[in-house]
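Peer 1: Encoded as structure tokens, here's the structure I'll be asking about.
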């Protein structure tokens, strides 16, 4: 089934550790996004990529990095995790077609707890 | 910067009641508007979207929303809710004027939690 997969589903991490959240889409979408979802704050954009080889900063990029080596994969790395990065992380993708202009499709999320 | 306000943080309704969730945005130019729903334990799914044309848009599961440009609003409505509508609802706005391939960044509201009592 076409869509977005994220791994891991959940993770408990010690502060100071490095962590990479994986995201893969098979819809050949050009653009991909990482959001964090926190209670009372909704979804906030961390980083995005308009196309393979390019990335950009979103609303809350500090402490996170991304890469986009190919169309399908968009990993999010926490170089040195801190407790404030405890959140649910959603990956999304979008691509303009005749029937889905500007629509973003979301993955199932990764629940990350930093202790 | 674009901002989106959802004033109702938690709404509790009985089944068959009518629903209206408010959404206001700040950008005065061309916008694309979306409502997403997140059922408990699931990821976000698109309910409906507005790009242009008829300001009253119909979505899935009997939901609709009306774009009122003069009020910067895009309120979500449903005439008769069901227990299965219990979820969190997010309004989102994209302010990329016109066609900007591959740059559909969204700004989300903080969400409205809807609880339907059987």
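Protein chains in written order, with this note's numbering: chain E, 1 to 115; chain B, 1 to 118. Backbone N, C-alpha and C define an ideal beta-carbon position, used for all residues, glycine too. None of these values were measured; they are calculated from a predicted model.
1. According to the Cβ coordinates, are residue 75 (chain E) and residue 22 (chain E) closer than 7 angstroms?
2. Quick one, which residues of the region 103 to 114 of chain E are near chain B if we go by CB-CB under 7 angstroms, in chain order?
3. Mind checking who residue 48 (chain E) pairs with in its DSSP beta bridge?
4. For the 8 angstroms Cβ check, are there 3 or more pairs between the region 20 to 27 of chain B and the region 37 to 54 of chain B?
5. Enumerate in chain order the residues of its own chain whose CB-to-CB distance from residue 115 (chain E) is below 8 angstroms, with the five nearest sequence positions on each side excluded.
6. Return yes when the Cβ of residue 92 (chain B) is within less than 7 angstroms of the Cβ of residue 34 (chain B), no when it is not.
7. Quick check on residue 85 (chain B): does DSSP put it in helix, strand or coil?
8. Hey, out of B:52, B:18, B:112 and B:116, whose CA is closest to residue 80 (chain B)'s CA?
9. Determine the direct distance from the alpha carbon of residue 95 (chain E) to that of residue 49 (chain B), and round the result to whole angstroms.
10. Just mark residue 9 (chain B) as buried or exposed, buried being the case when its beta carbon has 16 or more other beta carbons within 10 Å.
11. Kindly list the residues whose CB is nearer than 8 angstroms to the CB of residue 105 (chain E), restricted to its own chain and excluding five residues on each side of it in sequence; keep chain order.
12. On the CB-based measure, 16 or more other CB atoms within 10 Å of its CB, does residue 53 (chain B) come out buried or exposed?
13. Using CA coordinates, which residue listed in B:107, B:62, B:114 and B:95 is at the minimum distance from residue 78 (chain B)?
14. I'd like to check one pair, residue 94 (chain B) with residue 20 (chain B): are the Cβ atoms closer than 7 angstroms?
15. What beta strand (DSSP E) runs, 3 residues minimum, are completely inside the region 8 to 38 of chain B?
16. For residue 19 (chain E), which residues does DSSP report across the bridge?
17. What are the boundary residues of the beta strand (DSSP E) that residue 4 (chain E) is part of?
18. On the criterion of 16 or more Cβ atoms from any shown chain inside 10 Å, does residue 7 (chain B) qualify as buried, or is it exposed?
Peer 2: According to the structure shown:
1. yes
2. 103, 104, 106, 107, 108 and 109
3. E:33 and E:56
4. Contact check between the region 20 to 27 of chain B and the region 37 to 54 of chain B: fewer than three CB pairs, one atom from each, fall below 8 angstroms, which does not count as touching.
5. Excluding residues within five positions, the ones whose Cβ falls inside 8 angstroms are 12, 13, 14, 15 and 83.
6. yes
7. Of the three classes helix, strand and coil, the one that applies to residue 85 (chain B) here is helix, per DSSP.
8. B:18
9. 15 angstroms
10. Under a 10 Å Cβ-count criterion, residue 9 (chain B) is classified as exposed, with fewer than 16 other Cβ atoms of the shown protein chains found around its own Cβ.
11. 3, 4, 25, 27, 29, 92, 93 and 94
12. Looking at its Cβ environment, which holds fewer than 16 other Cβ atoms inside 10 Å, residue 53 (chain B) is exposed.
13. Selected option, being the one with the closest Cα: B:62.
14. No; because the gap between Cβ atoms is not below 7 angstroms, this pair is not in contact.
15. 10 to 14, 19 to 21 and 32 to 38
16. E:78
17. 4 to 7
18. exposed
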